[in-house]
Amino acid sequence: MAAEKKSLEDLAMDSSNLYKEETITDRKVGTIRTLIPVKSDGSADDSRGVEFVGETQIMTPMGALPINFQIEAKTLDEAVEKYGDAGKEAVEKAVKELQQMRREAASSIVLPDSMGSGMGGGAGPGGGIKLP
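Residue numbers for the sequence shown follow the working numbering, so the first one is 31 and each next one is one higher.
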């Protein structure tokens, strides 16, 4: 389910890759989306396997951040069993990515020119801003 960049002219559904979706939840921790392959007429497509996608969220200073993750499983029972480990791995990855984004944002902060006249502000000699 990789996201691909496409132009509006390419906006069309792939009739050979259709899924019926069922949502399973314990109403506490998260959700498992069960993606059941179907043919374009809606009948079951037994040539492809069912896919399981876990969903949860973490709270950040900016609000809730949704986390989606693939669960490698053959059955719903197996997906429920593996939900915790797959979810923890996805949350840890998201936290690392957020920390990296925070470091990158902090390193690109615009600072006042410290070599200037001390008055700051102006765009002429001795004033303005610079990037570190």
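Note that the Cβ used here is the ideal one computed from N, Cα and C, for glycine as well.
For residue 51, the CB contacts under 8 Å within the same chain, skipping 5 residues up- and downstream, are 63, 64, 65, 66 in chain order.
Residue 78 carries a coil assignment under DSSP once its states are collapsed to helix, strand and coil.
Every unbroken stretch of the beta strand (DSSP E) spanning 3 or more residues and falling wholly within the segment 77 to 129 is given here in chain order: 81 to 90, 93 to 101. Excluding its 5 nearest sequence neighbours in each direction, residue 75 has C-beta neighbours in its own chain below 6 Å: 67, 68, 69, listed in chain order.
Going by C-alpha positions, residue 80 is about 43 Å away from residue 136. Around the beta carbon of residue 101, 16 or more other beta carbons sit within 10 angstroms, so the residue counts as buried. Nearest in C-alpha terms to residue 113, of all of 46, 134, 43, 61, is 61. By the beta-carbon neighbour count (other beta carbons within 10 angstroms, threshold 16), residue 84 is buried.
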